[in-house]
């Protein structure tokens, strides 16, 4: 969390607390993940490489890659 603004840190803390307090349903959490994924334009490396007609290794070396729950994702929202 070190690269986040104070607003982002506080908002994530509040969101986490509301999730722990069961104020979010599973469906609501799925919608939140889909919303964030859509904004980030998340794609797996193979899907991104195929869509952009690039090699897997080329994508891996030149794109913003983040591992989330054991899956490597390309973040391409620029």
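Residue numbers (our numbering): 1041 to 1118. For glycine and all other residues, C-beta sits at the position ideal for the given N, C-alpha and C.
| Check | Outcome |
| --- | --- |
| Segment contact flag, the region 1060-1068 with the region 1097-1116, C-beta cutoff 8 Å, min 3 pairs | no |
| Backbone CA spacing between residue 1089 and residue 1073 [nearest angstrom] | 22 Å |
| Inter-stretch contact (C-beta, 8 Å, three-pair minimum) for the region 1101-1117 and the region 1073-1088 | yes |
| Identity of the residues DSSP links to residue 1070 by a beta bridge | Bridge partners of residue 1070: none, in fact. |
| Residue(s) in a DSSP beta bridge with residue 1105 | 1114 |
| Opening and closing residue of the alpha helix (DSSP H) in which residue 1052 lies | 1046-1060 |
| Residue 1103 versus residue 1042: straight-line alpha-carbon distance, rounded | 22 Å |
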